[in-house]
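Read in order, the letters of the sequence shown are residues 1283 to 1557 in our numbering.
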Amino acid sequence: MSPEQFFELLLKELEVHTEMQPYYKFLGKQSSWHFRRNYFLQRLRYIHKHLVEGYNPEQPIKIWDCGCGYGTTCLYLAMNGIATYGTTLEFYFETVTKRKEYWSKYGDTSLFTCTYENLFDNRPKPESYDWIVVQDTLHHLEPINDALKIFNESLRTGGKVLSIEENGNNIIQRLKLYKYRGNKRIISIWDEKLQKDILIGNENIRSLEQWQQLFEKNGFGISQSSVQYVRYYLPFQYRFSDPDALLRKEQSIQTTPGIRREYFFFGLNFVAKKR
1283 MSPEQFFELL LKELEVHTEM QPYYKFLGKQ SSWHFRRNYF LQRLRYIHKH
1333 LVEGYNPEQP IKIWDCGCGY GTTCLYLAMN GIATYGTTLE FYFETVTKRK
1383 EYWSKYGDTS LFTCTYENLF DNRPKPESYD WIVVQDTLHH LEPINDALKI
1433 FNESLRTGGK VLSIEENGNN IIQRLKLYKY RGNKRIISIW DEKLQKDILI
1483 GNENIRSLEQ WQQLFEKNGF GISQSSVQYV RYYLPFQYRF SDPDALLRKE
1533 QSIQTTPGIR REYFFFGLNF VAKKR
């Protein structure tokens, strides 16, 4: 299943599972529809490129989606015949079962399993995974060095971490987050399900350079060819332009180092390989 096919089916699912609409917002303002669609598809295409293209079912890989949330990435991989184990601390964990019922019409949802658990309470067995996916999650993991150490131990030799993050250098997002949380980047929250306090990154986004330093410190190397910046244009710009043309311009801009790429792209994707 292609990212585009999956997206169309997701739109139909949102009409059924209405509780997900505030999160995905595709059925909200029509003026921002193409803006949100482009962003969603770029990230999913990135996952497709690294995990689906060239996948050989005769040589299955083990994938852990740390912070799987609603399980969208895991479901997409399942639709392509790839098994994934997801973990999450999100309150909407219970929605996953209903989602699997919907997607079972299009693929083998038994390939997707998930649990509600804290990364630091239930460490995976050493060298048990080939890939770890962290989508909109890496900036929540604290202590971050301990988390990356667990990732390193959990991966087999040559294993990789696929990260889909916000760009910590983005000027607009930095201003918004400072207004929201000031410099309080790490907080403790009470988890009702686990009945304990959990340390969490408070939208503690970082730049590529900062992530490089942290990953290298913990036995990884970030592949420069894997780095991708996404979402440069703002929603209002989609009202007067062809969305596909804007996407092509974005992709062109992100290939050139400079101020526009480093400080005005919202999203940041990269792959880190275990040394």
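Glycine is no exception: its CB is placed at the ideal position from the N, C-alpha and C atoms.
Owing to the predicted nature of the structure, the values given are computational and were not obtained by experimental measurement.
Item: Starting from the Cα of residue 1418, find the closest Cα among 1323, 1555 and 1551 and give me that residue.; Value: 1551
Item: Is the separation between the beta-carbon of residue 1445 and that of residue 1411 shorter than 8 Å?; Value: no
Item: Give the range of the beta strand (DSSP E) segment to which residue 1369 is assigned.; Value: 1366 to 1370
Item: Taking just the CA atoms, how far does residue 1363 sit from residue 1517?; Value: 34 Å
Item: For residue 1510, name the three-state secondary structure that DSSP assigns.; Value: strand
Item: Rounded to whole angstroms, what is the Cα-Cα separation between residue 1526 and residue 1514?; Value: 13 Å
Item: Pull up the CB-CB distance for residue 1509 and residue 1490, whole angstroms please, since I reckon it's below 8 Å.; Value: 6 Å
Item: Pull up the CB-CB distance for residue 1377 and residue 1316, whole angstroms please, since I reckon it's below 8 Å.; Value: The Cβ separation is near 26 Å, so there is no contact.
Item: Residue 1455 lies in the alpha helix (DSSP H); which residues open and close that run?; Value: 1453 to 1463
Item: Rounding to the nearest angstrom, what Cα-Cα distance links residue 1397 and residue 1344 in this structure?; Value: 16 Å
Item: Quick one: grab the DSSP three-state call for residue 1547.; Value: coil
Item: How far does the alpha helix (DSSP H) with residue 1290 in it extend, from its first residue to its last?; Value: 1285 to 1298
Item: Among 1545, 1502, 1512 and 1330, which has the Cα closest to the Cα of residue 1530?; Value: 1512
Item: Tell me whether residue 1526 sits in a helix, a strand or coil according to DSSP, three-state version.; Value: helix
Item: On a Cα-Cα basis, can you pick out the residue from 1305, 1292 and 1549 that is closest to residue 1387?; Value: 1292
Item: Where does residue 1288 land, buried or exposed, given buried means 16+ other C-beta within 10 angstroms?; Value: buried
Item: Which of the three DSSP states is assigned to residue 1444 in this structure?; Value: strand
Item: May I ask which residues mark the beginning and end of the alpha helix (DSSP H) holding residue 1313?; Value: Per DSSP, residue 1313 belongs to no alpha helix (DSSP H) and is neither H nor E.
Item: Could you spell out where the beta strand (DSSP E) holding residue 1418 opens and where it closes?; Value: No beta strand (DSSP E) holds residue 1418; DSSP gives it neither H nor E.
Item: Going by beta carbon distance, what residues of the same chain come within less than 7 Å of residue 1318, once the five residues before and after it are set aside?; Value: 1307 and 1308
Item: Residues bridged to residue 1436 by DSSP?; Value: None; residue 1436 has no bridge partner.
Item: For residue 1467 versus residue 1449, is the C-beta spacing smaller than 8 Å?; Value: no
Item: Just to confirm my understanding: we take residue 1442, look at its own chain, exclude 5 residues before and 5 after, and list those with CB closer than 6 Å. What are they?; Value: 1413, 1553 and 1555
Item: For residue 1325, which residues from the same chain have a beta carbon less than 6 Å from its beta carbon, with the 5 sequence-adjacent residues on both sides left out?; Value: 1446
Item: Where do the ends of the alpha helix (DSSP H) carrying residue 1248 lie?; Value: An answer regarding residue 1248 cannot be provided, because it is not within the stretch 1283 to 1557 covered by the chain.
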